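Okay, structure first, notes after.
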Amino acid sequence: MQWYKHKKYQEIKDKVASQILFSDNYEMVYKKVFYMTNDEELSKDITQDTFIRAFENIHKLRNPDELIALSGGLF
602 MQWYKHKKYQ
612 EIKDKVASQI
622 LFSDNYEMVY
632 KKVFYMTNDE
642 ELSKDITQDT
652 FIRAFENIHK
662 LRNPDELIAL
672 SGGLF
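First residue of the sequence shown? That's 602 in this note's numbering, and the numbers climb one at a time after it.
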């Protein structure tokens, strides 16, 4: 088996991808949600749910722009 197909490598890669996805996109997602809701707590909840869904499907994510698709079309 090639090292990059090893399950442990994929898990580490997904964890790093999740961290990058969150740090690079949290503010943008939160601002868009807040703009639509004008409610701080609701915006935090929706943003959190968006990232949870993205993390659950991180293995499907090939491009950070796909975060919108993983959010269920929220935007």
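Note that beta-carbon positions come from the ideal geometry of N, C-alpha and C, so glycine has one too. Predicted model, so just to flag it, every value in this text is computed and none were measured.
Between residue 628 and residue 635, the beta carbon gap of about 10 Å keeps them out of contact (Cβ cut-off 8 Å). Per DSSP, the continuous alpha helix (DSSP H) segment holding residue 645 begins and ends at 641 to 657. Contact between residue 656 and residue 619 holds, with the beta-carbon distance rounding to 5 Å and staying under 8 Å. Rounded to whole angstroms, the gap between the alpha carbons of residue 637 and residue 643 is 10 Å. One Cα belongs to residue 633, the other to residue 616, and the distance between them is close to 25 Å.
A direct Cα-to-Cα measurement between residue 661 and residue 648 gives close to 19 Å. The beta carbon of residue 631 sits closer than 8 Å to the beta carbons of 644, 645, 648 from its chain, once the five residues preceding and following it are set aside; these are given in chain order.
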